[in-house]
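J.: Throughout, the working numbering is defined as the position within the sequence shown, counted from one, plus 133.
Don't be surprised by glycine CBs; every beta carbon is placed ideally from N, CA and C.
First the structure, which I've put down as structure tokens, then a few questions once you've had a look.
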Amino acid sequence: MFDKICRDIRAVRENDPAARNLLETLLCHTPLHAIMVYRLAHQLYRWKLPLFPRLLATVAKAATGVEIHPAAEIGEGFFIDHGVGVVIGETARVGKNCVMFHNVTLGGTGKHQGKRHPTVGDNVLIGTNSVLLGPIAVGSNTLIGANSFIIMHDVPPNCTVVGTPARIIKQDGRRVDRPLARTAEPE
Ligand SMILES: CC(C)(COP(=O)(O)OP(=O)(O)OC[C@H]1O[C@@H](n2cnc3c(N)ncnc32)[C@H](O)[C@@H]1OP(=O)(O)O)[C@@H](O)C(=O)NCCC(=O)NCCS
């Protein structure tokens, strides 16, 4: 847990040009506070402690505007910029070194049971106001543009997707214009 928190702190320094020094980052970067509380809440959740993980998540949400369910799995080096309005659901998975801006939702459609939130690979950037719903897969090294809506469609690795509904506009470094493939319905 502490190693991951150290990597999260480093991610702020790497991704945020406004983060001037370590003390300012630790005191003032509220999305980092939300991530640190999530790391603790997730550990308590893994130890099967009742109530406390959700209680911590609720306090973090009230204080920072970032809502991360303690059961979500998030890799190290996670960076959220601005933070307010970010929602990460219970069965979401996020890989290493991912970046999210404010108002990003990794949510459910309301139609699925069990695994019902997105799985995001490593080194993925998700722009502000983007909404990803359902047990979809987002491949590694992908950029999701601001204001993209991705509902029950998978996103391949190494691409840029933008729009509502989102389309692939770059893949493996080349300009393309392709729709996303629909996510298979879970059985
Ligand atoms: C998508 C993004 C990551 C750029 O990815 P990229 O692969 O470097 O794409 P490019 O900048 O080369 O843009 C390619 C095309 O997509 C368009 N585009 C880029 N982002 C877009 C978006 N969010 N929605 C619609 N079109 C977009 C560009 O205008 C460009 O179009 P053009 O070729 O007609 O000029 C970036 O534009 C973005 O949306 N970042 C999110 C950042 C954010 O949320 N910031 C909030 C700060 S408060």
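Whole alpha helix (DSSP H) runs in the segment 181-244 with 4 or more residues, listed along the chain?
T.: The segment 181-244 contains these whole alpha helix (DSSP H) runs: 185-197.
J.: Name the residue from 305, 220, 151 whose alpha carbon lies nearest to the alpha carbon of residue 200.
T.: Here residue 200 refers to the residue found at position 67 of the sequence shown. Closest by alpha carbon: 220.
J.: Let me check one thing: in DSSP terms, what residues is residue 292 bridge-paired to?
T.: Within the sequence shown, residue 292 is the residue found at index 159, counting from 1. Bridge partners of residue 292: 304.
J.: Compute the Euclidean distance between the alpha carbons of residue 158 and residue 213, then round it to the nearest angstrom.
T.: Start at 1 with the first residue of the sequence shown, and residue 158 comes out as number 25. Start at 1 with the first residue of the sequence shown, and residue 213 comes out as number 80. So the alpha carbons of these two residues sit roughly 13 Å apart.
J.: Exposed or buried, residue 244, counting other C-beta atoms within 10 Å across all chains shown (16 or more means buried)?
T.: Working through the sequence shown from its first residue, we reach residue 244 at position 111. Answer is exposed; the Cβ neighbour count stays below 16.
J.: I'd like the span of the beta strand (DSSP E) that includes residue 283, first residue to last.
T.: To locate residue 283, count along the sequence shown from 1; it is residue 150. Looking at the DSSP string, the run of the beta strand (DSSP E) that includes residue 283 is 282-284.
J.: What does a CB cutoff of less than 7 Å around residue 292 pick up in its chain, not counting 5 residues either side in sequence?
T.: The count along the sequence shown starts at 1 and reaches residue 292 at position 159. These residues qualify, in order along the chain: 275, 301, 303, 304.
J.: Identify whether residue 150 lies in helix, strand or coil by the three-state DSSP scheme.
T.: Your numbering for residue 150 matches position 17 in the sequence shown. Residue state, collapsed to three classes: coil.
J.: What I want to know is whether the C-beta of residue 309 ends up closer than 8 Å to one or more non-hydrogen atoms of ligand 1.
T.: Here residue 309 refers to the residue found at position 176 when the sequence shown is read from its first residue. Not under cutoff, so the answer is no.
J.: Please report the distance separating the alpha-carbon of residue 251 from that of residue 154.
T.: Taking the sequence shown and counting its residues from 1, one reaches residue 251 at position 118. Taking the sequence shown and counting its residues from 1, one reaches residue 154 at position 21. Each residue's alpha carbon lies about 33 Å from the other.
J.: Can you tell me whether DSSP reads residue 141 as helix, strand or coil?
T.: Here the question's residue 141 lines up with position 8 in the sequence shown. Three-state result, residue 141: helix.
J.: Strictly by DSSP, which residues pair up with residue 317?
T.: Here residue 317 refers to the residue found at position 184 when the sequence shown is read from its first residue. For residue 317, which the question treats as bridged, DSSP gives no partner whatsoever.
J.: In chain order, what residues of the same chain have a beta carbon less than 6 Å from the beta carbon of residue 236, not counting five sequence neighbours either side?
T.: One-based indexing of the sequence shown puts residue 236 at position 103. Cβ neighbours of residue 236 beyond the five flanking positions: 218, 261, 262.
J.: Can you say whether residue 141 is buried or exposed, counting buried as having 16 or more other CB atoms within 10 angstroms of its CB?
T.: Taking the sequence shown and counting its residues from 1, one reaches residue 141 at position 8. Buried, since its Cβ has 16 or more Cβ neighbours within 10 Å.
J.: Under the criterion of a Cβ to heavy atom distance below 8 Å, does residue 235 qualify as lining ligand 1?
T.: Counting from 1 along the sequence shown, the entry for residue 235 is found at position 102. True, at least one ligand heavy atom lies under 8 Å from that Cβ.
J.: Cβ of residue 155 within 8 Å of any heavy atom in ligand 1?
T.: Taking the sequence shown and counting its residues from 1, the one referred to as residue 155 is at position 22. Outside the cutoff, so no.
J.: What's the C-alpha gap between residue 139 and residue 211?
T.: Along the sequence shown, read from residue 1 onward, the residue named residue 139 stands at position 6. Along the sequence shown, read from residue 1 onward, the residue named residue 211 stands at position 78. Rounded to whole angstroms, residue 139 to residue 211 spans 10 Å at the Cα level.
J.: With DSSP as the reference, label residue 311 as helix, strand or coil.
T.: On the sequence shown, residue 311 is found 178 positions in, with the first residue counted as 1. Three-state result, residue 311: strand.
J.: Buried or exposed: residue 225, going by 16 or more other Cβ atoms within 10 Å of its Cβ?
T.: Within the sequence shown, the letter at position 92 stands for residue 225. By the neighbour-count rule (16 or more Cβ atoms within 10 Å), residue 225 is buried.
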